[in-house]
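Notes follow once the structure below has been shown.
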Amino acid sequence: MFDKAGLSDAAHYPYELGWIFVEERFRRMGMAGALTTCLVHGLEEWPVYASSRTNNKGMHKALVNAGFRQVGQHYPGRRTGEEFQVFLKPAG
Numbered sequence: 297m298f299d300k301a302g303l304s305d306a307a308h309y310p311y312e313l314g315w316i317f318v319e320e321r322f323r324r325m326g327m328a329g330a331l332t333t334c335l336v337h338g339l340e341e342w343p344v345y346a347s348s349r350t351n352n353k354g355m356h357k358a359l360v361n362a363g364f365r366q367v368g369q370h371y372p373g374r375r376t377g378e379e380f381q382v383f384l385k386p387a388g
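Plus 296 on top of the position in the sequence shown (first one is 1) and you've got this note's numbering.
Shown next as structure tokens:
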């Protein structure tokens, strides 16, 4: 993923915030943001990375609000037409 996004610092980000899925009827209620904040709470000392589909603006907002920054280039997913973006949350 790091290579596909044109990033070379994968070794500096050993921890991943994996997929967060909110059932459609509960979307737009701030749940992704609350989950993201809870999951990274207490991880200030460790660098964490995440990825999100480029069209998932709600998740992008949740990640940025939790201290992540969007980095690198979009990269293709396994499905046709699917693209992803990498987000990093540095230590400290």
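Cβ coordinates follow ideal geometry from the N, Cα and C atoms, glycine included.
Computed from a predicted structure; not experimentally measured.
Check each candidate in the options and name the one with the smallest Cα separation from residue i.
| i | options | result |
| --- | --- | --- |
| SER348 | PHE380, ALA307, LYS300 | PHE380 |
| LYS353 | ALA328, LEU384, TYR345 | ALA328 |
| ILE316 | TYR371, MET355, PRO386 | MET355 |
| SER304 | VAL318, VAL382, ALA387 | VAL382 |
Can you tell me where the beta strand (DSSP E) with residue i in it begins and where it stops?
| i | result |
| --- | --- |
| HIS370 | 365–372 |
| SER348 | 344–349 |
| ALA382 | Here residue 382 turns out to be Val, not Ala, going by the sequence shown. Segment 379–385, the beta strand (DSSP E) holding VAL382. |
Hey, could you find the ends of the alpha helix (DSSP H) residue i is sitting in?
| i | result |
| --- | --- |
| LYS357 | 353–361 |
| ALA328 | 327–336 |
Here's the rule: buried if 16 or more other CB atoms are within 10 angstroms of the residue's CB, otherwise exposed. What is residue i?
| i | result |
| --- | --- |
| PHE364 | buried |
| MET325 | exposed |
| MET297 | exposed |
| GLY368 | buried |
| ALA307 | exposed |
| VAL376 | Checking the sequence, you will find Thr at residue 376 rather than Val. Exposed, by the Cβ-count rule. |
| ALA387 | exposed |
| ALA362 | buried |
| ALA346 | buried |
| ALA358 | buried |
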